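Next up, the structure:
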């Protein structure tokens, strides 16, 4: 059963694009979070058309549902708003598709704007369809100023000027939004394509939806889609998700494509002058990022509390956090720092920029306290542990165990070659989507017994 | 009043007295009755679904429903009412009474909700608004409802124009809101006008009102341009551009709006850009456009995907350059962005303009040209040389270091390692239950089940507990996923030690298992269940030993000996399967092993391996042996013994294809037809596996041979791995290149061709030719990949493929543009591939040029570009003759001439 977290989007006014004759003021209404902060950004955007198109793409992405489960046909999720992070020399706009399968972010570096005022912080911004429509009016020759602000106000019942939208955000949406960050960590650059090659590639993409996976491979001076598995080809399923980049590719200088070690996730980065648009695709349109379960072991562990605390206290709206440098700075092992950073990302405290290979600090403006508690697999694993369902059989290089669950006994083998379980989850995914609840339960019990 | 009283009030059927009774009760008291009212309402509306009800009874229940409705409105909150959905919508008379008597405070929210659930509620809401019960809704659906309900399609009594004329408010206020509302997939101006008669359409009506001076023409022109600037979806935006043109704006009117048109050049809707360009073209014919503004806005049109849009933009640029020589160089620089378009004629136009107006030393132009130089077609590369600096040409695909050279693709599975432990067997069985895609993996599990009974110990039931649970769950889901269902039945047989196929329902014999090969697969699985029930270990005779399900003769002999020793005799179909999987390329060093075998299977095996052995009595065994011994040809010994049993029964199968054309007054359809000789008998024994591939479909279902389960189609390719022609024949029989309905399983037929040892013979080539012309990207993509591979590894006989494609070319069955695109993709892979494509296209030109299909020009243009890139004229005399005899013009004529000119220039 889907679990939802209710979020109240509350703005003093709608965002709007004001002005005419090529001189526009983009007034982005933000939620007020930090007391005393009324404006995060005020200034000019140096590449108005490019920024406007990218913001429009983020907005389209946020409202997209690339997969609709049959049972949900009748109750389509109301879209959430994009999230913006201002830091000293960077503006980042993040969006996540309603189906939880696609993440997009626009990074505007300091060469892309001139700021009169900039205050570090993260907030939601109101981004309605009318706003999206008006952004399409901005042209290359336009002047575009932007303000990102929320006047201090107290909510007075019956005050018509306050805009409130209560949205039930599915837990997997919030979890996916946060977990996609750390999942980009093991991605590496596979291909860098020129603008011409990228335009050709996007123009040749199939128009309709496709069911089978495809692999992006190099072909002559460009790239093309192959429909058979090719070593080092980048696997993509749900090509229609790339359409959001089609309108931007002509503005770009080139395309970089990244993939993770299992070749399941891919990240597509368009460089558009001093701006970058990053699109991260999950393995399949019907699979979110939270289901990948790569962070579950870290979440289950209780051994890194002190490192986590140190890492958390070091976060000060940095635009780039290198795990290696942080390990040196905090005098902690690289492994512990990596785990702590992953946990911070899962808690919405960090984003990851695959282009620079570094984290950045931001605070997702949602209630993240339930992320760990509501992780269904972890929750089930803890229940198994509490119920005494786990029996460790041997220790040493290979750990085996039996876990009694719902009138059957699952056998678990944990070794350096990988974990194995006799449950259908393992049978189906072969460990590609993180540990099953039985393996997690064994990890928890094993860690407890080691600590004892 | 209590619940019982309310129930009685509803049952009584007196509407007037119900109103009178309910209004007397204070609101707080009435609220307490809401649950009962809602319950009663839900019960009374049920009569709507009764079809055989008498009229008097129906009328009685209708009144009860009205009273129940009134009761709900009198007692419930708005949110409670909303939960009842569209059923609680009263008609106007009842709504009027309810609002008049109870005067609810939520009336404005309620009408908003009515519009939200259905824009068709516009009429009811409008009546309520006109009667003063509510404010005029701001809801967009009010306007959408107006578009629909006043539109001609829904009103026969009064025309749209009369409706509009009847209300000043409609004409002066509401009408203008239609330019601000986009609508959705179901309701919009575009959809309304598309599906109603032209004479009553909104477009026609507004033009008429404008012509008669009843509404402002200027305002209509501006409003339609405003709408086009609003990011509406393409289909819906189209109405506004068409309407704007339907007003036939004069040049003067267009000139007044020139900046609006210029602005629309940046629209993200391609037809809107084309619309704006056409308007600007019209202006430019009369007077000069503002050059600087045009240059400022035109870039998106120059870089558009649609050829006609780019061409229109270039035409205006040319015209402006001609009339503004001082800015001609700058205009040429803008035109240079058009080089990104893949059309040679577009690129030529750009180069013409550069040559005529561009200053060769202009750094900006050189930068733009170099930026796009990678896109230039070969025939224009020389012309570009004066603009291109080699060092600046951006033509890179940087592939990360981990990448390997082409040809280092994943290698196919070679030797199959059998399962040897109980843990592995249980783990793999669980795996195939969830992932039944790999037939070899399934065969390994079947072999493990058959052989490893002796490993089962006392704790077997505990070990297979999870497997049993999962199988039970999957069986409950039913046989929709046919293979999973059958494997789950086998799993249950394995964990219980009993053949559960006997007890299971007969689904595995019905759809989708009604396909001939699905039945064979079913029998194969049931044989394993029989072994389980026997309680003895047994080698699986048909278990593959290496890639694509081949069996080593050595291994087959060993297994057969074991079976003989056990006194076991597998079913004939199993024996046939093992013979068909025999790898006869592996020579036996020690034929003495064969001599030690006895029985008819051993004799057939000897025969298959080339020994002279008298033919026995079991036709299926000897036909399989003959198929392996002399595939695709006559095997006299077997044919004489059993006579004509159908194709691949001791005589080869000869396939043929042709295209059948059917026409109506408006349309022509083309169907690919296939046949084989000898013809398959009407009834084919289930163990004549090679003949079963030619089963004539009596079934209602699309494919009576392999079915539509991808797992079964894949397994079918493992039946006779040394000869897949009949398999590809089936693929070519079922493929629908127009994708008139989804057939995801058909892509599976292509998969064996990705294996480097699978020969690409006649039927494989026919399937490939279809795939290259298929609409569905998956089918087209895999066919393209196979051709690329086939050229790389030398499997593909270009001459034979050309023969096959050439036969289809003039029939009208193929959309030649799809072939052109696929071949263009293939040609970009390497020079070797480009050369193969050149040979292929030339080889296809074997028909009478008078019969050439209309879109052949693109293919000939591709041939020309490839010949230019290779700097070689045509060499094939037949295709040269074809081009020389061509009398058609257009692209075909143009590029035929250019190719022939190349020849002349060479000589």
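Residue numbers (this note's numbering), protein chains in the order written: chain A, 2 to 453; chain B, 774 to 1680.
Think of the CB as a built atom: it goes at the ideal place given N, C-alpha and C, for glycine as much as any other residue.
These figures come from a predicted structure and were not determined experimentally.
For residue 424 (chain A), the chain B residues whose C-beta falls within less than 9 Å of its own C-beta are 1203, 1239 and 1243, listed in chain order. The residue among B:835, B:1096, B:1075 and B:1133 with its C-alpha nearest the C-alpha of residue 1116 (chain B) is B:1075.
By the CB criterion at 9 Å, residue 49 (chain A) and residue 170 (chain A) fall outside the cutoff.
In summary, the residues of the region 1553-1576 of chain B whose CB is separated from some CB of chain A by less than 7 Å are 1554, 1555 and 1558, in the order they occur in the chain.
The DSSP-derived three-state label of residue 1066 (chain B) is helix. For the C-beta of residue 228 (chain A), the chain B residues within less than 7 Å are, from N- to C-terminus, 1551, 1554, 1555 and 1558.
Within the region 181-200 of chain A, the residues whose Cβ lies closer than 8 Å to any Cβ of chain B are, in chain order, 189, 190, 191, 192, 193, 194, 195, 196, 197, 198 and 200. A Cβ-Cβ separation of about 6 Å places residue 1267 (chain B) in contact with residue 1222 (chain B) under the 8 Å criterion. Identification of residues in the region 982-1005 of chain B having a C-beta nearer than 9 Å to some C-beta of chain A yields 1002, 1003, 1004 and 1005, given in sequence order. Residue 385 (chain A) is not a Cβ neighbour of residue 393 (chain A), given a cutoff of 9 Å. Within its own chain, the residues whose Cβ lies closer than 8 Å to the Cβ of residue 1324 (chain B), once the five positions on either side in sequence are excluded, are 1315, 1316, 1317, 1318, 1351, 1354, 1355 and 1356, listed in chain order. Assigned with DSSP and collapsed to three states, residue 968 (chain B) falls in coil, not helix or strand. Membership of residue 119 (chain A) in the beta strand (DSSP E) is indicated by the continuous run 114-119. Beyond the five residues adjoining it in sequence on each side, residue 1305 (chain B) comes within less than 7 Å, by CB distance, of 1222, 1266, 1267, 1270 and 1272 in the same chain, given in chain order. For residue 355 (chain A), same chain residues with a beta-carbon under 6 Å away, outside a window of 5 residues either side, are 185, 188, 259 and 268 in chain order.
Excluding its 5 nearest sequence neighbours in each direction, residue 1045 (chain B) has C-beta neighbours in its own chain below 7 Å: 1001, 1010, 1014 and 1037, listed in chain order. The contact set of residue 253 (chain A) on chain B, defined by CB atoms closer than 8 Å, is empty, because the minimum CB distance reaches about 12 Å.
When rounded, the separation of the alpha-carbon atoms in residue 987 (chain B) and residue 1052 (chain B) is 26 Å. In this structure, B:1339 is the residue among B:1339, B:1418, B:1244 and B:906 with its C-alpha nearest to the C-alpha of residue 1308 (chain B).
Closest by C-alpha distance to residue 1595 (chain B), out of B:1545, B:1608 and B:1576, is B:1545. Three or more Cβ pairs closer than 8 Å define a contact, and the region 1404-1414 of chain B falls short of that threshold against the region 1436-1451 of chain B. Contact annotation: the region 1094-1106 of chain B touches the region 1126-1142 of chain B, with at least three C-beta pairs closer than 8 Å.
Interface with chain A (9 Å Cβ-Cβ cutoff): residue 1097 (chain B) is excluded. As the crow flies, the alpha-carbon of residue 46 (chain A) is around 27 Å from that of residue 1043 (chain B). Residues of the region 1600-1618 of chain B with a C-beta atom less than 8 Å from some C-beta of chain A are 1601, 1602 and 1603, listed in chain order. In this chain, the alpha helix (DSSP H) harbouring residue 839 (chain B) covers 828-848. Taking 9 Å as the cut-off, the Cβ atoms of residue 1587 (chain B) and residue 1542 (chain B) count as close.
Between the region 1481-1488 of chain B and the region 1518-1532 of chain B there are three or more C-beta pairs closer than 8 Å, enough to call the two in contact. Annotated as distal: residue 176 (chain A) and residue 370 (chain A), with beta-carbon spacing of 9 Å or more. Within the region 1311-1392 of chain B, there are no complete beta strand (DSSP E) runs of at least 3 residues. Here DSSP, grouped into helix, strand and coil, assigns residue 1565 (chain B) to helix. Exclusion of the five residues before and after residue 17 (chain A) leaves 28 as the residues of its chain whose Cβ lies within less than 6 Å of its Cβ. The Cβ-Cβ distance between residue 271 (chain A) and residue 253 (chain A) falls below 9 Å.
Proximity to residue 1505 (chain B) across B:1641, B:841 and B:1466 peaks at B:1466, based on C-alpha coordinates. Excluding its 5 nearest sequence neighbours in each direction, residue 893 (chain B) has C-beta neighbours in its own chain below 8 Å: 918, 921 and 922, listed in chain order. Under the rule that a run must span 4 or more residues, the alpha helix (DSSP H) segments found entirely inside the region 1069-1126 of chain B read 1072-1075, 1080-1096 and 1101-1108.
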